[in-house]
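Here's the structure, in structure tokens; my notes come after.
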């Protein structure tokens, strides 16, 4: 018990008002009002809480005027009061603080620090003589600049929220931004899209009769583009739609086909001319019934023969999505 | 309010450029306007902060109005320090970039002159030292000559022009070097 009191003693000493009209009284009164508001019902409760806030802020303003702790040209107490004012003005409707509160916070802190320079020794406000003004000017300007930097931070966050694939491009050398949210999904949208396309491809072409497959493959590029667009529609934040191009490379391989699904990114990236992602799928015919090995001539353009008979079913197997490959894909 | 990235590189780069510009401009203002080093440093700080803030405000306003393609160019430059569709060979011949650079320079010059007049109004003092303050120990013939013949306004403007020209050329060269090294 004694140790607790010993720890609390400096705080209690700080809070004791040396005389009647001082900042400590205001803060104590505001705390008192909050305590009273705890026991009272609406509408008095909101009024008391509001009054408590106002008194707290005015008290802290007074404190700032008396003891602005200057730290490399920034007054720490004014930043504290500025934060409280921003929270009081912007944060009371909902639990979340809107970004504008943080953007205006440095400006308001600067204004408070400037005010404390203007109000010297006594509650009357006077414009300081020209010799003092330079300091106030530089103070205000530097605070406003920090506000601009905060706004830029929110702007960048909005950009990256709209185009998540750019965030995935944030390589460690020369990274443009520090990611402070470890849980944020850092993978390029392209990976999700290609995987989804692979699933749809499997759904469309797996265990289907072979002629259907070959029919499908005649229009491979349009079908794949359509698949890509369908996959993108399932995603939120669809501003990236315009920047992804889809293509497919179809090569024949004994006895089926190799499909390379390609998604290429046209937007801002750290690679010089964009990058693309590949997903390889194989479509193989499987014999449904054991029949004599057919020797029917193939109808494919290549010279090799396929041994798929019309009764074969397709089997689709897809591999994982590749790492980003620089440049645009070469189309066959 | 949910922030997941901090664009530190852009902010640190701008801080660096500000410091360079302030250093260069304060020494040029000191030489041209015959004001003390401390005053010229304070003027340079105020003017450069003012023009940077106005630049940011214009940027925020403009980027909300831009069509998507230009916005993507912006993003590409700010985040990755490169411009889509311009490789390092065409880069130096790109007319658009030169135009933007010249426009930028003129705009910043106008903003800084405005800034200086505003500052003078606020501080109620003249940026050009009058004859009796600092020049008494300088060589009498050269300084009195220029300060008497060229009126104050013109001297201020030329001083700011010179200061701007030097500092922005340096910054422009640094940026070009940066782009060229990154792209090649």
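Chains as they are written, first to last, in the working numbering: chain P, 34 to 365; chain G, 136 to 319. Glycine included, every Cβ here is placed at the ideal spot set by N, Cα and C.
Across the structure, residue 313 of chain P and residue 352 of chain P are spaced so that their CA atoms are roughly 6 Å apart. DSSP places residue 83 of chain P inside the alpha helix (DSSP H), whose first and last residues are 77-99.
By the Cβ test, the region 165-179 of chain G is not in contact with the region 261-268 of chain P, since fewer than three Cβ pairs between them sit closer than 8 Å. For residue 316 of chain P, the enclosing beta strand (DSSP E) stretches over residues 308-319.
Taken atom to atom, the span from the alpha-carbon of residue 45 of chain P to that of residue 92 of chain P is near 16 Å. Under the three-pair Cβ rule at 8 Å, the region 247-262 of chain P does not count as touching the region 143-157 of chain G.
Counting only runs of 4 or more residues that sit fully inside the region 238-262 of chain G, no alpha helix (DSSP H) segment turns up. Along the region 181-203 of chain P, going in chain order, the ones with a CB nearer than 9 Å to a CB of chain G are 181, 182, 184, 185, 186, 187, 188, 189, 190, 192, 193, 194, 196, 199, 200, 202 and 203.
Out of P/96, P/288, P/144 and P/111, the CA that lies nearest to the CA of residue 243 of chain P is found in P/288. Under the DSSP assignment, residue 282 of chain P falls outside any alpha helix (DSSP H), being part of the beta strand (DSSP E) whose first and last residues are 277-286. Chain-order list of chain P residues neighbouring residue 211 of chain G: 301, by C-beta distance under 7 Å. Excluding residues up to 5 positions away in sequence, 119 and 180 lie with their Cβ nearer than 7 Å to the Cβ of residue 137 of chain P in the same chain. Just measuring C-alpha positions, the residue of P/130, P/68 and P/150 sitting nearest residue 106 of chain P is P/150. Sequence-ordered contacts of the region 227-249 of chain P with chain G are nonexistent [C-beta pairs closer than 9 Å]. Per DSSP, the unbroken alpha helix (DSSP H) holding residue 183 of chain G starts and ends at 172-200. Contact with chain P is absent for residue 249 of chain G, since none of that chain's Cβ atoms lies less than 8 Å from the residue's Cβ. Listed by position along chain P, the residues whose Cβ is nearer than 8 Å to that of residue 177 of chain G are 167 and 171. Among the residues facing chain P, residue 202 of chain G is not included, as its CB has no counterpart in that chain under 8 Å away.
When secondary structure is reduced to three states using DSSP, residue 289 of chain P falls in the strand class. Counting only residues of its own chain and dropping the five nearest sequence neighbours on each side, residue 248 of chain G has a CB closer than 7 Å to the CB of 292 and 295.
CA-CA distance, residue 61 of chain P to residue 184 of chain P, rounds to 35 Å. Between residue 207 of chain G and chain P, the shortest Cβ-Cβ separation is below 8 Å. Membership of residue 353 of chain P in the beta strand (DSSP E) is indicated by the continuous run 346-354.
Taking each of G/211, G/311, G/138 and G/182 in turn and checking the Cα distance to residue 236 of chain G, the smallest one comes out for G/311.
A Cβ-Cβ contact shorter than 8 Å links residue 241 of chain P with residue 346 of chain P.
Against residue 304 of chain G, chain P offers no close residue; the least beta-carbon distance is about 23 Å (beta-carbon pairs closer than 9 Å). Following the DSSP letters along the chain, one finds residue 212 of chain G inside the alpha helix (DSSP H) bounded by residues 203-215.
Residue 72 of chain P sits in coil when the DSSP states are folded into three classes, being neither helix nor strand. DSSP, reduced to helix, strand and coil, places residue 297 of chain P within a strand of the structure shown. As far as DSSP is concerned, residue 314 of chain G takes part in no beta bridge. Collapsing the DSSP output to three states places residue 257 of chain P in a helix. Nearest CB-CB separation between residue 177 of chain P and chain G: below the 8 Å threshold.
Using a CB distance below 7 Å, no part of the region 260-284 of chain P faces chain G.
Look at residue 138 of chain G: its C-beta is under 8 Å from a C-beta on chain P. For residue 76 of chain P, there are no CB contacts under 6 Å within the same chain when 5 residues up- and downstream are skipped. Note that the C-beta distance between residue 152 of chain G and residue 306 of chain G is below 8 Å.
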